[in-house]
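Undergrad: Quick one: the structure is below, and I'll ask about it shortly.
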Amino acid sequence: MSHEEHAAGGAHVMSPKVLLGIWGALIFLTALTVWSAQHDLGRIDLVVAMGIATIKASLVALYFMHLRYDKGFHGVVIIGALVFVFLFVSMVLLDRNQYQADIDARTIELEAR
Amino acid sequence: MMLTLAQAGEGTFWFPAQAAENAAKVDDLFYFVLYVSVFFFLLIMTILSIFVIRYRRREGVEPEKSPSHNTVLEIVWSVIPTALVVYMFYTGFTGYLEKRTPPTGAYEIGVTAQKWSWNFTYPNGHTTNVLHVPVGVETQMVMTSEDVIHSFFVPAFREKMDVLPGRYTKAWFTPTLVGTYDLFCAEYCGTAHSEMITKVVVHPQDGPDSFENWLREDSDFLTKLSPVEGGKKVYQLRGCGQCHSLDGTSGNGPSFKGAWGTERTLADGPKVVFDENYVRESILMPKAKVLAGYEPVMPTFQGRIKDEEITALIAFLKSLQQ
Amino acid sequence: MTIANQVAAPPHVEEHAAPRAPFIAEHFEGAEHQFESGKLGMWIFLVTEILFFSGMFCAYAVYRSQHPEIFSYASQFLDSTMGGINTVVLICSSLTAAWSVRCAQLGQRKGLILTLALTILGAFGFLGIKYVEYSHKFHDGLLPGKYYHVQSEAVADVGLDASIPAATEGESHEAAPEPAHDSGHAPVEGPEPANVKIFFGIYFAMTGVHGLHVIIGIGVYVWLLVRAIKGHFRPDYYGPVDFTALYWHLVDLIWIFLFPLLYLIH
Amino acid sequence: MSTTHTQTAVATAAEPDYLSCSKGWKSWLLTLDHKRIGVMYLIAISASFFLGGLFALALRLELFHPGKDFVDGDGYNQLFTLHGAVMVFLFIIPGIPAALGNFVLPLMLGAKDVAFPRMNLASFWLWLFGAIFFVFVLASGGLDTGWTFYTPYSVEAQTAVIFAATGAFILGFSSIFTGINFIVTIHKMRPAGMTWFRMPLFLWGMYATAIIQVLATPVLGITLLLLIFERVTGAGIFDPHNGGDPILFQHFFWFYSHPAVYIMILPAMAIVSELVSVFSRKPIFGYKMIAYSSVAIALLGFLVWGHHMFTSGQSKLAGAIFSALTFSVSIPSAIKVFNWLATLYKGSISLATPMLYALAFIFLFLIGGLTGLFLGTLSTDVHLHDTYFIVAHFHYVMVGGTLFAFLGGLHYWWPKMFGRMYSARGSAIACLVSFVGFNVAFFPMFPLGAKGMPRRYWYYLEEDFISYHQLATVGTVLLGCGLLGIVVVLLKSLKNGERAPANPWGAATMEWEAASPPIHHNFHHTPAVHDPYDFGDLRFDPAQGGYARTSNATATATH
């Protein structure tokens, strides 16, 4: 069970140690995020929750999905996709924040009716 | 009267008359882009034609060698268009900022769009279906929609802005030319989208046709018309017909035809007589007594309608009894 | 939905001069070429999945940033214990999925069958818990849009005063059996904010589409299990196991974000 | 003339081509052969185009007079919606990639097939399945939301919105499958020696297109799914009457639908790059710039969606950002046009029908592209938005651009696809009639729109607009005649056209080394990789009636 195991064609084989280690880390981080959610951390609440989720996601991607040992191009593909998601969400958020006041004004008006 | 005024100003091959301050700026930029486009179009098509003729295929004549790329040429034809579009962007952007930033203290008119009519409310609470504005005054539209998305479009002002449900949008302009212009709905809104057309009347500053005179007289329509006619106008202006028909067909609300004096059942059981008190209460507190078979969807007119209007409306409803 | 079927199904075999393994489609040069192509295809498919979910994350971001009150109020009605257990279940099945790839690579047929079966078991476990959650929500009227008609017991359950819209005080406690879970949750004060139903719209859209992916995953894993039992996979041909595991990990990844975003809101 | 070619000819006679190697409907509907799938796509999208064209003709005829002729408001709204939806989802998005791309792409790579033949077939089946939903839509009360499905109208419309959205959702997956397939095929199936920069530009165009299909289409999928969800439950995500935001819907929709415009135009540009080079027997000028500009357009194209929303209630800030980014896309497009022009310089220009389409494309696309400047410019867009100016602009790009390039490509690869030559004169006349008809139909719409005629009106103000509308209707009929002429010429060629040689145009890309039509496995021998734009060793061979290589040495020319 060494780390040097390779399947035919040179693909990397995950050792049980790493698999179980990652699994343990994921369980620990899940517990951590539940624990942290029970304490009011104020503004950084969301940041902490998303930070933990991102660490978990990276562990899954790098080890369970073999990205660490895989062709660099596959990583580029996924990071590229995330860049587009980021651009999409951030542009929409930016725009909505700009016109929110126009919605609020109308909401107040409608509630007054 | 005003509506019969001829369409003012002269249009060109491309545009209708310029009837607002910003229109000239928009047109100038349009013409700039147009000249640039025509220039490049002609340039490219001329070169293309020359090449196609000069280098047409001839028996036994092989194409001559020419470079497969030329850095100087490629930089030139990248940089020149870039410079031009940067100018277009900048001018368009500043023009847009002006268009989208209403000046403080502008004369404010409320716009409510609904399928498929426009409603304009002036500061004194008077409403019309045709937009009236004074010439030379910065005028701001504060717009919202009752149902789907519409768009406020006055070609002569070069102004267009969508009108959305659930929020306000704004448009502003300074009319420069007295006259009557088209006002379209430019965002597809269903069956009668293309009939959602009305007019903008730009009034002169002084004289009998001035905006102030018009507003005073038009707001006073109740004192001039008979109660029944006045009530009918209230019915039209306030958009009652959207839900309450005059021909007996049932909409979101009961038809007014022959309704007066009848006894109706309320949603929660008791009966009510369709009389002055009921009508008045229903206009001011529509959800208080909802007739059986209808949803409580009517908006309140509390604070939006004058007592005289309600009185006139009641006279009009009475006249529908037969 | 997964392209694994496309890549992996026994290819249209025709006679070829050189001796070729039967699992290699004729337009590929060899096992590695076929594997690499399938893998790239799978990663690109995962890109489409990420973009697909991004729409809902975007809607979530917009409404949460503008209406945090809806989210902190409505999130109390979600059972974070169940959500947490489901997260663990999904992580476990991700582990077995990753392990199944190892087994396939090393040609451990029994291990492969076991890990595939465990992965399917995890997926069913996840769906079972999801079913319990959904049926509670249906019972309590915590539904999207026009179906939203929250029951007063549900409001009382999370420690809000049902009779008076403006809830005064009270420890919010989830339906969790262990009281330990209650302690930290700050009670939400004030009346029910407007448009709480939007939260449940987003909740059902996100978890529903995610659940659909789990169901599709089960389908593919059952197919893999059958093929594994038939002994189709070998150390030089295990692409389908690998690609499906990638898909399964992505489904897990998305849940990793959904859990704190939906269940763990203050 | 070399012996190898004679042998090829003999072998061709011996081995049946892909059209006749197996028979029966099953051998077509269940085929994994990219060529047959391409041909089936070609038939399917042509039928859709015909249907969409009928809707277009009907609505132009209605507009001949301002009043009611044969449809009223509701009927007209259905016509323009179905015209748009059918043309966009069923014809133009799958158009070039799925029909021509499927046929040509593996051949250009010297490959036997695409990477995932099953997925390719699944893509076609999904297309059919999606198309069936559109048939349901027609049968169950039509659709009147516009192809854009804007909320809240689409939430409350009484027509078959859910059917149509489901159909478009499925068609999206069809498009995604094609995209995945092409990306992997281009990455993994290139023959040894064909580096990225020795790839024909058509493949670059397909690659760029596939990136968009993969990145953008899923967002349309989720948007439509959420729209259906909104309609069924009133979830309040997009519907302001339930607390939702219609602008959010527009952001979602255009995040897909603007890049979709590049799904339509990039393959068209790619075809034109091939045609211009082949028919002037000149290596394409600035190969790398064209290749890069395709990818640049594909990526930048994602960041300009907000220019559909300059008057929608989108914020000023977003408007400014999107306007600036929009202009950034204009530069790579302009570079392509200049490169085509430079390719013609000192060439040996043949005016065969495909080249006529390429030249028509440059003319029409130039107008379409330049009028885009008016619309990317914020202040002029406010006036022109949602008027006929927009209608004219995007038809110049979609029809003048994509359709003409598609027809150019079809005429170019037709001999390869079916092994027959069509009448050169007949096809040239049909091309000319279509070109004239198109301009007569759509050019008047520019001044019409600038004068203020809003789009999607079935009824208009007579005195101002009637002459423009009548001219447009006449042009549409003319365009219809031209298109019908094309169909007649091409179908006639199947029956009694001359047998096509392997390489009728003297092109240097690999698909021309296969027989016309190719055999089931595409090539008898894996062809050598040549520079795709080196025409030096291609000579006309009267014995074959086409071109042949004078040397069989593997080309070593480099870029």
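Protein chains in written order, with the numbering used here: chain A, 194 to 306; chain B, 410 to 731; chain C, 717 to 982; chain D, -5 to 553.
Glycine included, C-beta positions come from ideal geometry on N, C-alpha and C.
Quick one: which unbroken alpha helix (DSSP H) runs of 4-plus residues sit fully inside the region 630 to 716 of chain B? Chain order, please.
TA: Segments of the alpha helix (DSSP H) lying fully in the region 630 to 716 of chain B: 630 to 633, 636 to 646 and 685 to 693.
Undergrad: Note down the Cα distance separating tyrosine 779 of chain C from valine 213 of chain D, rounded to an integer number of angstroms.
TA: C-alpha separation (whole angstroms): 18 Å.
Undergrad: Measure the Cβ-Cβ separation of histidine 602 of chain B and tryptophan 525 of chain B and say whether it is below 9 Å.
TA: Closer than 9 Å, so yes.
Undergrad: If you compare alpha carbons, which of D:Phe440, D:Lys489 and D:Ile361 is closest to methionine 415 of chain D?
TA: Of D:Phe440, D:Lys489 and D:Ile361, the residue nearest in Cα terms is D:Lys489.
Undergrad: Among residues of its own chain, excluding the 5 on either side of alanine 838 of chain C, which ones have a beta-carbon nearer than 6 Å to its beta-carbon?
TA: For clarity, residue 838 of chain C is glycine in the given sequence; the question names alanine instead. Same-chain partners within the cutoff: Val805, Cys808 and Ser809.
Undergrad: Can you grab the Cα-Cα spacing for the pair leucine 767 of chain C / lysine 680 of chain B, in whole Å?
TA: Each residue's Cα considered, the two are about 57 Å apart.
Undergrad: Is the region 294 to 311 of chain D touching the region 478 to 485 of chain B, taking contact as three or more C-beta pairs under 8 Å?
TA: Judged by Cβ distances under 8 Å, the region 294 to 311 of chain D makes no contact with the region 478 to 485 of chain B, as fewer than three pairs qualify.
Undergrad: Is isoleucine 272 of chain A close to chain D? Criterion is C-beta to C-beta, closer than 9 Å.
TA: So, not an interface residue.
Undergrad: Ignoring anything shorter than 3 residues, give me the beta strand (DSSP E) runs that lie fully in the region 509 to 571 of chain B, in order along the chain.
TA: Taking only runs of at least 3 residues, the beta strand (DSSP E) segments lying wholly in the region 509 to 571 of chain B are 516 to 523, 526 to 530, 540 to 543, 548 to 554 and 559 to 563.
Undergrad: By the three-class DSSP mapping on this structure, what secondary structure does tryptophan 581 of chain B have?
TA: Tryptophan 581 of chain B falls in the strand class under three-state DSSP.
Undergrad: Identify the residues that DSSP records as bridge partners of aspartate 11 of chain D: which are they?
TA: In DSSP, aspartate 11 of chain D forms a bridge with D:Ile513.
Undergrad: Secondary structure at arginine 414 of chain D, three-state DSSP: helix, strand or coil?
TA: Strand, per DSSP.
Undergrad: Go to cysteine 819 of chain C, then tell me how far its alpha helix (DSSP H) extends in each direction, as first and last residue.
TA: Counting along the chain, the alpha helix (DSSP H) containing cysteine 819 of chain C begins and ends at 796 to 822.
Undergrad: Taking 7 Å as the limit between beta carbons, can you name the residues of its chain near alanine 218 of chain A, skipping five residues before and five after?
TA: Taken in chain order, the residues that qualify are Leu252.
Undergrad: When you compare the CB of lysine 755 of chain C with every CB in chain A, is at least one pair closer than 9 Å?
TA: Yes, contact with chain A.
Undergrad: Leaving out the 5 sequence neighbours to the left and right, which residues in its chain are closer than 6 Å to proline 511 of chain B when beta-carbon positions are compared?
TA: Answer for proline 511 of chain B: Gln549, Lys579 and Trp581, listed in chain order.
Undergrad: Could you have a look at glycine 402 of chain D and say whether DSSP puts it in helix, strand or coil?
TA: Three-state DSSP puts glycine 402 of chain D in a helix.
Undergrad: Return the first residue and the last residue of the beta strand (DSSP E) that cysteine 594 of chain B is part of.
TA: Residues 588 to 594.
Undergrad: Which chain A residues sit within Cβ distance under 7 Å of glutamine 308 of chain D?
TA: Result: Asp288.
Undergrad: Can you list, in chain order, the residues of its chain with a C-beta nearer than 6 Å to that of alanine 352 of chain D? Leave out the 5 residues immediately preceding and following it.
TA: Answer for alanine 352 of chain D: Val266, Leu269, Val270 and Gly402, listed in chain order.
Undergrad: Consult DSSP for phenylalanine 273 of chain D and reduce its assignment to one of helix, strand or coil.
TA: The answer is helix: DSSP assigns phenylalanine 273 of chain D an H, G or I state.
Undergrad: Looking at chain D, is there any beta carbon in it that lies within less than 9 Å of the beta carbon of glycine 861 of chain C?
TA: So, interface residue.
Undergrad: Look at tyrosine 919 of chain C and alanine 833 of chain C and say whether their C-beta atoms are less than 9 Å apart.
TA: No. Outside cutoff.
Undergrad: Classify serine 251 of chain D: buried if its beta carbon has 16 or more other beta carbons within 10 angstroms, exposed otherwise.
TA: Label assigned to serine 251 of chain D: buried.
Undergrad: For my contact list, tyrosine 462 of chain D and proline 438 of chain D are in at a C-beta cut-off of 8 Å; report their separation, rounded to the angstrom.
TA: Contact holds; Cβ gap of about 4 Å.
Undergrad: For chain D, find out if any of its Cβ atoms is closer than 9 Å to the Cβ of alanine 415 of chain B; answer yes or no.
TA: Per-residue confidence for alanine 415 of chain B stands at a pLDDT of 39, beneath the threshold of 50, marking its modelled position as unreliable; no derived number is given.
Undergrad: If you run the structure through DSSP and keep just helix, strand and coil, what is proline 893 of chain C?
TA: Its pLDDT being 37, under 50, proline 893 of chain C is placed unreliably by the model, and nothing is read from it.
Undergrad: Would you list the residues sitting across from aspartate 535 of chain D in a DSSP beta bridge?
TA: Answer is D:Gly540.
Undergrad: Kindly indicate which three-state DSSP category valine 108 of chain D falls into: helix, strand or coil?
TA: It is coil, neither helix nor strand.
Undergrad: Pick out the complete alpha helix (DSSP H) segments inside the region 270 to 306 of chain A, 4 residues or longer, and give them in chain order.
TA: Counting only runs of 4 or more, we get nothing.
Undergrad: Can phenylalanine 460 of chain B and isoleucine 343 of chain D be called in contact, C-beta distance under 9 Å?
TA: Contact: yes.
Undergrad: Run down chain D in chain order and give the residues with a C-beta less than 9 Å from the C-beta of threonine 600 of chain B.
TA: Near threonine 600 of chain B (Cβ distances below 9 Å), the residues of chain D are Asp66, Gly67, Asp68, Asn71 and Asp138.
Undergrad: Going by C-alpha to C-alpha distance, which of C:Arg825, C:Leu762 and C:Gly924 sits closest to alanine 944 of chain C?
TA: Checked all of C:Arg825, C:Leu762 and C:Gly924; the closest Cα to alanine 944 of chain C is C:Arg825.
Undergrad: According to DSSP, simplified to helix, strand and coil, what is alanine 429 of chain B?
TA: Looking at alanine 429 of chain B - three-state DSSP - the assignment turns out to be strand.
Undergrad: Below 8 Å on the Cβ atoms is my contact criterion, and I expect proline 100 of chain D with serine 169 of chain D to pass it. Report the Cβ-Cβ distance as a whole number of Å.
TA: 19 Å between Cβ atoms; not a contact.
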